[in-house]
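**Q** Using full-length UniProt numbering, the letters of the sequence shown correspond one by one to residues 1 to 337.
Input: one structure, supplied below.
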Amino acid sequence: MDKPRPCGCKGRRTCITCEAEYGLLHDDTNDIQREKSYVFCPWCQKAWPGWDMNLYRLHPNHEGEPIDYPGVFIEMDWLSVEEENQLIVGMDEMPWDASQSGRRKQNFGPKCNFKKKKMKLGDFNGFPSFSKFVQDKFQDVPQLEGYFTIEQCSLEYEASKGASIDRHIDDCWVWGERIVTVNLLSDSVLTMTPYNGEEWRYNLPLVSTYNRILNNQGEVVNKQIKALANGEIPGTNCSNNLLGDEFPRSIPKDIVVRIPMPRRSLLVIYGSPRYDWEHRVLREDVHGRRTCIAYREFTPPFLPGGQLCNESEAVLKAGKNFWDHQSVRNQNLLSSG
Numbered sequence: 001m002d003k004p005r006p007c008g009c010k011g012r013r014t015c016i017t018c019e020a021e022y023g024l025l026h027d028d029t030n031d032i033q034r035e036k037s038y039v040f041c042p043w044c045q046k047a048w049p050g051w052d053m054n055l056y057r058l059h060p061n062h063e064g065e066p067i068d069y070p071g072v073f074i075e076m077d078w079l080s081v082e083e084e085n086q087l088i089v090g091m092d093e094m095p096w097d098a099s100q101s102g103r104r105k106q107n108f109g110p111k112c113n114f115k116k117k118k119m120k121l122g123d124f125n126g127f128p129s130f131s132k133f134v135q136d137k138f139q140d141v142p143q144l145e146g147y148f149t150i151e152q153c154s155l156e157y158e159a160s161k162g163a164s165i166d167r168h169i170d171d172c173w174v175w176g177e178r179i180v181t182v183n184l185l186s187d188s189v190l191t192m193t194p195y196n197g198e199e200w201r202y203n204l205p206l207v208s209t210y211n212r213i214l215n216n217q218g219e220v221v222n223k224q225i226k227a228l229a230n231g232e233i234p235g236t237n238c239s240n241n242l243l244g245d246e247f248p249r250s251i252p253k254d255i256v257v258r259i260p261m262p263r264r265s266l267l268v269i270y271g272s273p274r275y276d277w278e279h280r281v282l283r284e285d286v287h288g289r290r291t292c293i294a295y296r297e298f299t300p301p302f303l304p305g306g307q308l309c310n311e312s313e314a315v316l317k318a319g320k321n322f323w324d325h326q327s328v329r330n331q332n333l334l335s336s337g
């Protein structure tokens with residue numbers, strides 16, 4: 001079943017619709033050892049033994065022996081109910097595109113070929129204005145100092161469709177260290193498993209050539225990022241002697257870390273969880289309708305002052321633009337009529 005199916009799935013990826021129609025099987029937990037799982041607590045910044053995401057609510061009365069898991073920041077109730085509603089209304093006023101594994105998506109960003117390392121602007125012209133306030137709120141989050149969004153992707157998960165997303169690491173050639181998710185409508189979980197695959201996959205070898213953005217305490221230490229945050233143009237020599245190969249590379253091989261994504265929360269992963277662990281959303285962790293907005297920034301070479309900044313100039317310019325989705329929709333209706 002390598003060919004795309006009407007539901008949007010292809011290859012080994014499935015949803016309830018194509019499983020029923022083609023007799024396919026879905027198993028996204030065959031590599032997970034639940035008896036060696038831990039749940040991350042947003043307040044004590046440690047992961048405690050267990051599987052149920054709600055174990056974090058026991059804080060400070062956890063049980064068992066925790067493990068350190070630096071590289072995760074969660075802010076609870078980061079959005080208000082009114083802000084969440086504004087986003088949902090805006091997203092639902094725009095067309096959704098079918099995606100794999102029962103998801104739907106709305107993607108705003110450049111066109112990238114990760115294997116060939118080719119990027120072009122495509123039809124990217126910024127982001128819908130109803131979501132601008134989210135990026136404005138980034139400025140109040142210390143871990144997102146100097147964050148410049150160049151991709152914004154809305155994702156919809158429906159339990160009735162068996163929606164999920166397979167384990168993966170976001171590409172490391174163009175997408176930067178800080179992976180940001182704003183979770184909407186219902187609680188969910190990001191399930192993390194150590195990556196034990198080929199070194200070349202996801203463009204992982206490039207990580208050792210990048211200066212770190214955050215240290216393990218969540219403090220921005222990158223001089224290039226700090227200069228951009230202050231409205232300065234960084235020079236070509238922005239070395240801060242904190243290269244990516246100084247991330248802790250010695251990780252357990254057989255444990256699972258479950259990161260809660262409560263409704264209206266902000267999640268930032270960076271450092272070792274970003275590069276050493278694959279993340280996924282399991283079908284069992286989607287309840288009702290869940291949406292999220294994922295944000296990506298450039299790797300340091302594509303930022304001003306980086307050696308590839310000439311290739312990203314048009315994308316960075318487009319990323320400053322916010323357009324009225326209602327006007328675009330009305331124009332599309334007129335042109336189609």
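Glycine included, every Cβ here is placed at the ideal spot set by N, Cα and C.
1) If Asn125 and Ala314 are in contact, beta carbons under 8 Å, what's the gap, nearest whole angstrom?
2) Looking at Gly8 and Ser99, is the spacing between their C-beta atoms short of 8 Å?
3) In this structure, does DSSP put Leu316 in helix, strand or coil?
4) Roughly how many angstroms separate the alpha carbons of Pro142 and Thr209, rounded to a whole number?
5) Report the option in Gln326, Ile293 and Glu311 whose CA atom is closest to the CA atom of Ser154.
6) Rounded to a whole number of angstroms, what is the C-alpha to C-alpha distance between Gln33 and Pro301?
7) Once DSSP output is grouped into helix, strand and coil, what is the label at residue 358?
8) Given this structure, state the Cα-to-Cα distance separating residue 354 from Val72, to the nearest angstrom.
9) Indicate the three-state DSSP secondary structure (helix, strand or coil) for Gly11 in the structure shown.
10) Using the Cβ count rule (16 or more neighbours within 10 Å means buried), how would you classify Leu87?
11) Is it the case that the Cβ atoms of Asn203 and Cys172 are separated by a distance below 8 Å?
12) Determine whether the beta carbon atoms of Leu185 and Arg290 lie at a separation below 8 Å.
13) Quick check: the Cα distance between Ile269 and Ser327, rounded to an integer number of angstroms?
14) Going by Cα to Cα distance, which pick from Lys46, Val81 and Gly218 is closest to Gly64?
15) With respect to the beta strand (DSSP E) encompassing Leu184, which residues constitute its N-terminal and C-terminal limits?
16) Leaving out five residues on either side along the sequence, give the residues of the same chain with a beta carbon under 7 Å from the beta carbon of Lys132.
17) Quick check on DSSP: helix, strand or coil for His168?
18) Tell me the DSSP secondary structure of Cys41 in three-state form.
19) Rounded to whole angstroms, what's the CA-CA distance from Ala227 to Arg178? Just pull it up for me.
20) Tell me whether the beta-carbon of Phe298 lies closer than 8 Å to the beta-carbon of Gly176.
21) Report buried or exposed for Cys41, applying the criterion of at least 16 other Cβ atoms within 10 angstroms of its Cβ.
22) Between Ile259 and Lys36, how many whole angstroms is the CB-CB distance? I'm expecting something under 8 Å.
23) Label Cys44 either buried or exposed according to how many other C-beta atoms from any shown protein chain fall within 10 Å of its C-beta, with 16 as the threshold for buried.
24) For Asp123, which option in Phe130, Asp170 and Gly109 has the closest C-alpha, if you only look at C-alpha atoms?
25) Just confirm the distance between the C-beta atoms of His62 and Trp48, as a whole number of angstroms; I'd bet it's less than 8 Å.
26) With respect to the beta strand (DSSP E) encompassing Arg201, which residues constitute its N-terminal and C-terminal limits?
27) Using a Cβ-Cβ cutoff of less than 8 Å, which residues in the same chain neighbour Glu82 once the five nearest sequence positions on both sides are dropped?
28) Please give the ranges of any alpha helix (DSSP H) in the segment 50-137, keeping only runs that are unbroken, at least 4 residues long and fully inside the region.
**A** Taking the coordinates as given:
1) With a Cβ gap of about 10 Å, Asn125 and Ala314 do not count as contacting.
2) Yes; because the gap between Cβ atoms is below 8 Å, this pair is in contact.
3) Collapsing the DSSP output to three states places Leu316 in a helix.
4) If I take the Cα positions, the gap works out to 24 Å.
5) Nearest of Gln326, Ile293 and Glu311 to Ser154, Cα basis: Ile293.
6) Linking Gln33 to Pro301 through their CA atoms gives a straight-line distance of about 38 Å.
7) Outside the modelled stretch of the chain, which goes from 1 to 337, sits residue 358, for which no answer is possible.
8) Outside the shown range of the chain, which is 1 to 337, sits residue 354, and nothing can be said about it.
9) DSSP, reduced to helix, strand and coil, places Gly11 outside both helices and strands of the structure shown, so it counts as coil.
10) Burial is judged here by how many other beta carbons sit within 10 angstroms of a residue's own beta carbon; Leu87 has at least 16 and is buried.
11) Cβ atoms of Asn203 and Cys172: closer than 8 Å.
12) Taking 8 Å as the Cβ cut-off, Leu185 and Arg290 qualify as a contacting pair.
13) When rounded, the separation of the alpha-carbon atoms in Ile269 and Ser327 is 35 Å.
14) Closest option to Gly64, Cα to Cα, is Lys46.
15) Leu184 -> beta strand (DSSP E) spans Ile179 to Leu184.
16) Within its own chain, the residues whose Cβ lies closer than 7 Å to the Cβ of Lys132, once the five positions on either side in sequence are excluded, are Phe322, listed in chain order.
17) In the structure shown, His168 adopts extended strand secondary structure according to DSSP, grouped into three states.
18) DSSP places Cys41 in the coil class of the three-state scheme, outside both helix and strand.
19) Near 17 Å, if we compare the C-alpha coordinates of Arg178 and Ala227.
20) Cβ distance < 8 Å, so Phe298 and Gly176 count as in contact.
21) A buried status is given to Cys41, since no fewer than 16 other beta-carbon atoms sit within 10 Å of its beta-carbon.
22) Taking C-beta atoms under 8 Å as the contact rule, Ile259 and Lys36 fail to qualify, at a distance of about 16 Å.
23) Cys44 should be labelled exposed.
24) Nearest of Phe130, Asp170 and Gly109 to Asp123, Cα basis: Gly109.
25) Sure, about 4 Å apart at Cβ, within 8 Å.
26) Counting along the chain, Arg201 sits inside no beta strand (DSSP E), nor does DSSP assign it H or E at all.
27) Same-chain partners within the cutoff: there are none.
28) Fully contained in the segment 50-137 are the following alpha helix (DSSP H) runs of length 4 or more, in chain order: 81-92.
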